[in-house]
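Engineer: Dropping the structure in here first, questions after.
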Amino acid sequence: MSSDLMASRRSAVHPIVASIAVALLAGAVTLEREIGGSLIIALASLVLALLAVRRPSLIATWAIRFLPMGLGLGLGAFAFLASGGREPWLVALLLVRVEAMVMGSMLLAYGVESWELAYSLRSAGLPGWFSASLGIAHVLLRRSLRALEDVMAALRSKGVISSPLHPVTRLGVLVRALVAESLSSAEKVSVALEARGFDPQTWRPLRRVPFRRSDALVLAFAISVVLLSALL
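Residues in the sequence shown are numbered from 3 upward in steps of one, following our numbering.
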């Protein structure tokens, strides 16, 4: 195997580093109880999303698309707090949490290649079936994101979704349609793997996914943000 092939990598961030960074930020923003700390984590998630996607328009599209869901969660919390609670700031906190998680998930969805995720996990010593399952799940995640576009367009054409808040108020319809598309994609992936004689128990990665210096910077950045938010 040539040195060029060994040094090549398609993922913007090493899959393991990206997974750790997203887990750290998601855990921190979930536990964070202050708006200031949550905003710092959300900003850090945005920076990582820009690193992976490099298309601000796409990031803005997904942020706006999930904004109604964040508002829906916030309004639900406000209704609960209005009945006797004294912490209305939790409404904004929930909204920031949703957006931070959306931004962080884009690092995994767009900054990591599915097969490199499976390769890196298998090379780290994890079982073949586990590594392959996460790699396949990543494939389905990316397909689901594309399917969501088609599903929402179809529901809009039928008048089911005509308001920015309909993705929340009619979430059940959206989820059922998306699940149907996801099951269809999963079946296609399963058929393709069976046709190639893929055995999740015995497969081995063709090569290791190389680390880069930038991966260490990403991990250090995520850890620094978590520590900074904890100090505020």
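Note that beta-carbon positions come from the ideal geometry of N, C-alpha and C, so glycine has one too.
1) Using a threshold of 7 Å, state whether the C-beta atoms of PRO17 and SER122 are closer than that.
2) Taking the continuous alpha helix (DSSP H) assigned at TRP91, which residues delimit it?
3) Are three or more beta carbon pairs between the region 109-117 and the region 9-28 nearer than 8 Å?
4) On the premise that SER146 lies in contact with SER184, defined as a C-beta separation below 8 Å, what is that separation, rounded to the nearest angstrom?
5) Quick check on the burial criterion: 16 or more other C-beta atoms within 10 angstroms. Buried or exposed for GLY199?
6) Are the region 148-155 and the region 50-61 touching, with three or more C-beta to C-beta distances below 8 Å?
7) Measure the CB-CB distance between VAL114 and SER13 and report whether it falls below 7 Å.
8) With a 10 Å radius around its C-beta and 16 neighbouring C-beta atoms as the bar for buried, classify ASP217 as buried or exposed.
9) Ends of the alpha helix (DSSP H) at GLY29?
10) Quick check: VAL211 and GLU118, are their CB atoms within less than 7 Å of each other?
11) Nearest to LEU97 by CA position, among ALA139, GLY137, ALA62, LEU41, is which residue?
12) Quick one: grab the DSSP three-state call for PHE223.
13) Please classify ALA20 as buried or exposed, where buried requires at least 16 neighbouring CB atoms within 10 angstroms.
14) Taking a contact to mean a Cβ-Cβ separation below 7 Å, would you say VAL93 touches VAL220 in this structure?
15) Just reading off the alpha helix (DSSP H) that GLU118 is part of, what are its end residues?
16) Assuming ILE37 contacts LEU95 under a Cβ cut-off of 8 Å, what Cβ separation, rounded to an integer in Å, is found between them?
17) Rounded to the nearest angstrom, what separates LEU208 and TRP91 at their Cα positions?
18) Express the C-alpha separation of SER192 and ARG124 in angstroms, rounding to a whole number.
19) Quick one: is VAL177 buried, meaning 16 or more other Cβ sit within 10 Å of its Cβ, or exposed?
20) Nearest to GLY137 by alpha carbon, out of LEU143, ALA120, ALA126, ARG144?
21) Tell me which residue opens and which closes the alpha helix (DSSP H) that ARG144 is part of.
22) Of the choices LYS160, LEU195, GLY29, whose alpha-carbon is the least far from that of TRP205?
23) Starting from the C-beta of VAL153, find all residues in its chain whose C-beta is less than 7 Å away, skip the five residues before and the five after it, and write them out in chain order.
Structural biologist: If we stick to the structure as given:
1) Translated into positions along the sequence shown, residue 17 becomes position 15. Translated into positions along the sequence shown, residue 122 becomes position 120. Closer than 7 Å, so yes.
2) As a first step, residue 91 must be located in the sequence shown, where it is residue number 89. Run containing TRP91: 91-113, per the alpha helix (DSSP H) assignment.
3) Flag = yes, the region 109-117 and the region 9-28 touch.
4) Against the sequence shown, residue 184 aligns to sequence position 182. Against the sequence shown, residue 146 aligns to sequence position 144. Contact flag correct, Cβ pair sits at about 5 Å.
5) Sequence index remark: in the sequence shown, residue 199 carries index 197 (1-based). Its Cβ having fewer than 16 others within 10 Å, GLY199 is exposed.
6) Contact between the region 148-155 and the region 50-61 is absent: fewer than three C-beta pairs spanning the two stretches fall below 8 Å.
7) In the sequence shown, counting from the first residue as 1, residue 114 sits at position 112. In the sequence shown, counting from the first residue as 1, residue 13 sits at position 11. Taking 7 Å as the cut-off, the beta carbon of VAL114 is found closer than this to the beta carbon of SER13.
8) Taking the first residue of the sequence shown as position 1, residue 217 is located at position 215. So ASP217 counts as buried.
9) Stepping through the sequence shown from its first residue, residue 29 is reached at position 27. Its alpha helix (DSSP H) spans residues 17-33.
10) Working through the sequence shown from its first residue, we reach residue 211 at position 209. Working through the sequence shown from its first residue, we reach residue 118 at position 116. Cβ distance < 7 Å, so VAL211 and GLU118 count as in contact.
11) Stepping through the sequence shown from its first residue, residue 97 is reached at position 95. Comparing Cα-Cα distances from LEU97 to each of ALA139, GLY137, ALA62, LEU41, the minimum goes to LEU41.
12) The residue given as residue 223 occupies position 221 in the sequence shown. Reduced to three states, the DSSP call for PHE223 is helix.
13) Stepping through the sequence shown from its first residue, residue 20 is reached at position 18. ALA20 counts as buried, since no fewer than 16 other beta carbons sit within 10 angstroms of its beta carbon.
14) As a working mapping, residue 93 is identified with position 91 in the sequence shown. As a working mapping, residue 220 is identified with position 218 in the sequence shown. Contact flag unset, no.
15) Stepping through the sequence shown from its first residue, residue 118 is reached at position 116. For GLU118, the uninterrupted alpha helix (DSSP H) run begins and ends at 116-125, by DSSP.
16) Along the sequence shown, read from residue 1 onward, the residue named residue 37 stands at position 35. Along the sequence shown, read from residue 1 onward, the residue named residue 95 stands at position 93. By a beta-carbon distance limit of 8 Å, ILE37 contacts LEU95. Their separation comes to about 6 Å.
17) As a first step, residue 208 is located in the sequence shown; it is residue number 206 there, counting from the start. As a first step, residue 91 is located in the sequence shown; it is residue number 89 there, counting from the start. Rounded to the nearest angstrom, the two C-alpha atoms are 51 Å apart.
18) Here residue 124 refers to the residue found at position 122 of the sequence shown. Here residue 192 refers to the residue found at position 190 of the sequence shown. Approximately 20 Å, taken between the alpha carbons.
19) If you number the sequence shown from 1, residue 177 lands on position 175. Result: exposed.
20) Here residue 137 is taken as the residue at index 135 of the sequence shown, counted from 1. Nearest of LEU143, ALA120, ALA126, ARG144 to GLY137, Cα basis: ALA120.
21) Residue numbering aside, residue 144 sits at position 142 when the sequence shown is read from its first letter. Looking at the DSSP string, the run of the alpha helix (DSSP H) that includes ARG144 is 130-159.
22) As a working note, residue 205 is residue 203 in the sequence shown. For the residues LYS160, LEU195, GLY29, the minimum Cα distance to TRP205 belongs to LEU195.
23) Locating residue 153 in the sequence shown gives position 151, counting from the first residue. Cβ neighbours of VAL153 beyond the five flanking positions: LEU176, ALA179, LEU180, GLU183.
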